[in-house]
Amino acid sequence: MTNLSLLMDEAVNSAEKTNSSLPEALSEKFEKIFPSWPIMVATLIAFVIVIIVLYFLTHKPINKAIKARQKYIQDNIDSAKRLNDESQVKLNQANQKLSQAHDEATKIVQEAINNGNKKARQEIEQARITSKRMIEEARMDVKKQKEEFFEESKKHIAEVASELSKKILQSSVSKETEDAIIDEFLHEGKIK
28 MTNLSLLMDE AVNSAEKTNS SLPEALSEKF EKIFPSWPIM VATLIAFVIV
78 IIVLYFLTHK PINKAIKARQ KYIQDNIDSA KRLNDESQVK LNQANQKLSQ
128 AHDEATKIVQ EAINNGNKKA RQEIEQARIT SKRMIEEARM DVKKQKEEFF
178 EESKKHIAEV ASELSKKILQ SSVSKETEDA IIDEFLHEGK IK
């Protein structure tokens with residue numbers, strides 16, 4: 028039930044008890060609900076005074092607290108922006124250093140490959156030169172051995188021929204004559 032229906036029921040009950048009419052009972056109840064106008068004015072004045080006092084007592088501290096809170100929030104926002112900017116700068120620097128390190132690593136690897144290729148070419152060239160020198164030395168050695176063998180063969184042939192001619196001629200030839208004949212024979216062999 029609502030307050031109005033309760034008020035109506037109470038007015039009807041009191042009207043029956045006092046033998047008065049319903050409108051009179053209702054007007055009595057309504058008069059009890061609303062206070063007199065001097066009390067209303069006094070209440071309004073007291074309310075206004077309380078509001079003014081509360082305004083002057085709490086307005087400055089509340090504004091101060093609100094401004095402090097706004098400053099705190101703004102400082103946090105500014106700090107977050109500054110930290111975000113700093114982290115972005117550091118991220119960019121780290122990315123740049125990473126890129127430089129990658130470029131330098133690539134450069135070092137390329138230099139190592141080039142140096143390895145250069146060293147390999149040098150070693151191959153050195154081996155080629157060494158092999159040519161060894162082949163030339165072998166040719167010279169073979170040629171020298173061939174000449175020595177040829178000279179040795181000539182001397183041996185000359186000695187055999189000299190021995191043979193001694194036996195054939197049955198004459199005695201001096202050692203100087205024999206050496207002269209051998210040298211002449213050897214000299215004729217070189218000319219041919």
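Residue numbers (my numbering): 28 to 219. C-beta: ideal position from N, C-alpha, C; glycine also. All figures in this text were calculated on a predicted structure; none of them were measured in a lab.
**Request:** Count the C-beta pairs between the region 199-212 and the region 180-187 that are closer than 8 Å, then say yes if the count reaches three, no if not.
**Result:** The region 199-212 is in contact with the region 180-187.
**Message:** If the criterion is Cβ atoms closer than 7 Å, does the pair Ser-189 and Glu-205 meet it?
**Reply:** Locating residue 189 in the sequence shown gives position 162, counting from the first residue. Locating residue 205 in the sequence shown gives position 178, counting from the first residue. Yes.
**Prompt:** Tell me which same chain residues have a C-beta within less than 7 Å of the C-beta of Asp-36, skipping the five on either side of it?
**Reply:** Position 9 of the sequence shown holds residue 36. Cβ neighbours of Asp-36 beyond the five flanking positions: none.
**Request:** For Ser-201, name the three-state secondary structure that DSSP assigns.
**Result:** Here residue 201 is taken as the residue at index 174 of the sequence shown, counted from 1. Note: Ser-201 maps to coil in three-state DSSP.
**Asked** In whole angstroms, what is the alpha-carbon distance linking Ala-132 and Asn-122?
**Response** Stepping through the sequence shown from its first residue, residue 132 is reached at position 105. Stepping through the sequence shown from its first residue, residue 122 is reached at position 95. Whole-angstrom Cα-Cα distance: 15 Å.
**Request:** Taking 7 Å as the cut-off, decide whether the C-beta atoms of Leu-227 and Lys-170 are in contact.
**Result:** Any question about residue 227 goes unanswered here, given that the chain covers just 28 to 219.
**Prompt:** Would you report the Cα separation of Thr-70 and Ile-89, rounded to the nearest angstrom?
**Reply:** Residue mapping note: residue 70 aligns to position 43 of the sequence shown, counting from 1. Residue mapping note: residue 89 aligns to position 62 of the sequence shown, counting from 1. One Cα belongs to Thr-70, the other to Ile-89, and the distance between them is close to 26 Å.
**Item:** Nearest-angstrom Cα separation, counted from Lys-146 out to Ile-156
**Value:** Here residue 156 refers to the residue found at position 129 of the sequence shown. Here residue 146 refers to the residue found at position 119 of the sequence shown. Straight-line Cα distance between these residues: approximately 15 Å.
**Request:** Give the secondary structure of Leu-189 by DSSP, where H, G and I count as helix, E and B as strand, and everything else as coil.
**Result:** Taking the sequence shown and counting its residues from 1, one reaches residue 189 at position 162. Contrary to the premise, residue 189 reads as Ser rather than Leu in this sequence. In the structure shown, Ser-189 adopts helical secondary structure according to DSSP, grouped into three states.
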